[in-house]
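Numbering (our numbering), first residue to last: 310 to 534.
The beta-carbon is built from N, C-alpha and C at its ideal position, and this holds for glycine as well.
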């Protein structure tokens with residue numbers, strides 16, 4: 310008589326392993342994709358958008374300035390001011406994306422000069438969208454009736470990393486006060502007070518440098534703010 314070991318009995322009575330088909334593997338994967346699509350694509354953006362509109366709607370909608378119901382600018386994107394009756398912003402190395410020709414403050418083609426401090430083109434220009442510190446300095450001094458050796462802040466003779474910087478330093482604004490007062494027929498003290506009233510301090514009191522929004526200054530000059 311053949312003897313059957315206990316292990317053999319257990320093996321013979323154990324259920325066969327369940328085979329999982331392709332659908333069985335795909336079902337949890339598809340479920341997770343759908344779940345996270347709903348969470349990260351609908352719920353999370355909806356909550357953040359709602360909080361933004363509730364807590365800081367001005368910033369959430371682009372920090373836009375309007376005059377008579379018409380949007381005329383943003384705190385976040387600089388504009389190309391050329392009229393002598395307005396404050397001017399920093400140089401810009403942006404270009405027209407369709408032609409490649411210089412187009413300062415072209416918001417659809419943000420770009421920097423990508424010229425380092427050891428590159429001679431930083432001073433003399435690159436023959437394209439960036440004129441160079443020498444030309445920017447000469448142009449700024451001429452526009453504002455300054456002596457050829459007048460020291461200038463670096464921001465007013467160099468382009469920003471985006472080419473769309475909306476702000477300038479306090480020094481850059483101060484150097485334009487006399488020109489604007491003369492063109493507008495205003496007392497220098499009045500224009501200077503506008504500058505002083507629109508100085509933004511360091512972030513949290515320690516980060517960055519004090520600055521002034523060019524758009525805010527020019528709106529104040531026109532009495533629209």
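Subject >> Continuous beta strand (DSSP E) assignments of at least 3 residues falling wholly in the stretch 327-404 >> reply: List check, beta strand (DSSP E) in window: 373-376, 379-383.
Original post:
When the Cα atoms are used, what is the spatial distance from residue 418 to residue 513?
Top reply: For residue 418 and residue 513, the distance between alpha carbons rounds to 31 Å.
**OP:** Between the Cα of residue 522 and those of 507, 530, 516, spot the shortest distance and give me the residue it belongs to.
**Re:** Shortest Cα-Cα distance from residue 522 to any of 507, 530, 516 involves 507.
Original post:
Which parts of the stretch 427-464 are runs of the alpha helix (DSSP H), unbroken and 4 residues or longer, counting only runs that do not cross its ends?
Top reply: Within the stretch 427-464, the alpha helix (DSSP H) runs of at least 4 residues that lie entirely inside it are, in chain order, 430-433, 442-452.
Subject >> Complete runs of the beta strand (DSSP E) confined to the stretch 493-532 [at least 3 residues] >> reply: As far as the stretch 493-532 is concerned, its whole beta strand (DSSP E) runs of at least 3 residues are 520-522.
Original post:
Would residue 301 be called buried (16 or more neighbouring beta carbons within 10 Å of its own) or exposed?
Top reply: Here the chain has residues from 310 to 534 only, and residue 301 is not among them.
Original post:
Roughly how many angstroms lie between the CA atoms of residue 339 and residue 346, to the nearest whole one?
Top reply: The alpha-carbon atoms of residue 339 and residue 346 are separated by roughly 10 Å.
**OP:** Compute the distance between the beta-carbons of residue 468 and residue 400, then report whether it is under 8 Å.
**Re:** In this structure, residue 400 lies closer than 8 Å to residue 468 by Cβ.
**OP:** Please report how far the alpha carbon of residue 416 lies from the alpha carbon of residue 436, in whole angstroms.
**Re:** One Cα belongs to residue 416, the other to residue 436, and the distance between them is close to 22 Å.
Original post:
Three or more beta-carbon pairs under 8 Å between the stretch 390-399 and the stretch 356-367, yes or no?
Top reply: Two segments are said to touch when three or more pairs of C-beta atoms, one from each, lie closer than 8 Å; by this definition the stretch 390-399 does not touch the stretch 356-367.
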